[in-house]
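K.L.:
Read in our numbering, the sequence shown has 30 at position 21, and its numbers run on one by one without any break. Cβ atoms here follow ideal geometry from the backbone N, Cα and C, with glycine treated the same way. Fair warning: this is a prediction, and the values are worked out from it, not measured in the lab.
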Amino acid sequence: MNITVIGRGRDGGDASAADVVVVAMRGHLIGEGLRGVTGLSGQVTIDATNLYTERDGAFPSLAHQVKSVVGGRTAKVFNTVFASSYELVGEHSA
Numbered sequence: 010m011n012i013t014v015i016g017r018g019r020d021g022g023d024a025s026a027a028d029v030v031v032v033a034m035r036g037h038l039i040g041e042g043l044r045g046v047t048g049l050s051g052q053v054t055i056d057a058t059n060l061y062t063e064r065d066g067a068f069p070s071l072a073h074q075v076k077s078v079v080g081g082r083t084a085k086v087f088n089t090v091f092a093s094s095y096e097l098v099g100e101h102s103a
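(1) Just reading off the beta strand (DSSP E) that Ala33 is part of, what are its end residues?
(2) DSSP state of Gly22, grouped into three classes?
(3) Taking 7 angstroms as the threshold (C-beta atoms), are Val29 and Val53 in contact?
(4) Rounded C-beta distance between Val32 and Asp56? I'm assuming under 8 angstroms.
(5) Could you give the first and the last residue of the continuous alpha helix (DSSP H) run that contains Ala84?
(6) Check the DSSP bridge columns for Val46 and list the partner residues they point to.
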């Protein structure tokens, strides 16, 4: 399996050969961080972003924002959401 990891500090790259793309960066950097990456269209993506500042209000979640760039199936992993909020996850799933 070919996994491409995209995170802060990476200057673009090509994800076209990846079976899975992992997006690991601060949530407010999604647009900037994915801009220089080619071969993302339709990729299966694992969204490991977290939010430390305000989220882009144009998207209901960070996973929705990642999916808007990539276009493929997107799964959200790792988060800073408190366990007390878990019962609300179904209302906000990507």
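P.N.:
Reading from the atomic positions:
(1) As a first step, residue 33 is located in the sequence shown; it is residue number 24 there, counting from the start. Note, Ala33: beta strand (DSSP E), 29-33.
(2) The residue you call residue 22 lines up with position 13 of the sequence shown. In the structure shown, Gly22 sits in a strand (DSSP, three-state: E or B).
(3) Position 44 of the sequence shown holds residue 53. Position 20 of the sequence shown holds residue 29. Yes. Within cutoff.
(4) For this step, residue 32 is matched to residue 23 along the sequence shown. For this step, residue 56 is matched to residue 47 along the sequence shown. Confirmed, Cβ separation roughly 5 angstroms.
(5) Taking the first residue of the sequence shown as position 1, residue 84 is located at position 75. Careful: Ala84 lies outside any alpha helix (DSSP H), inside the beta strand (DSSP E) at 83-85.
(6) By 1-based counting over the sequence shown, the position of residue 46 is 37. Bridge partners of Val46: Gly22.
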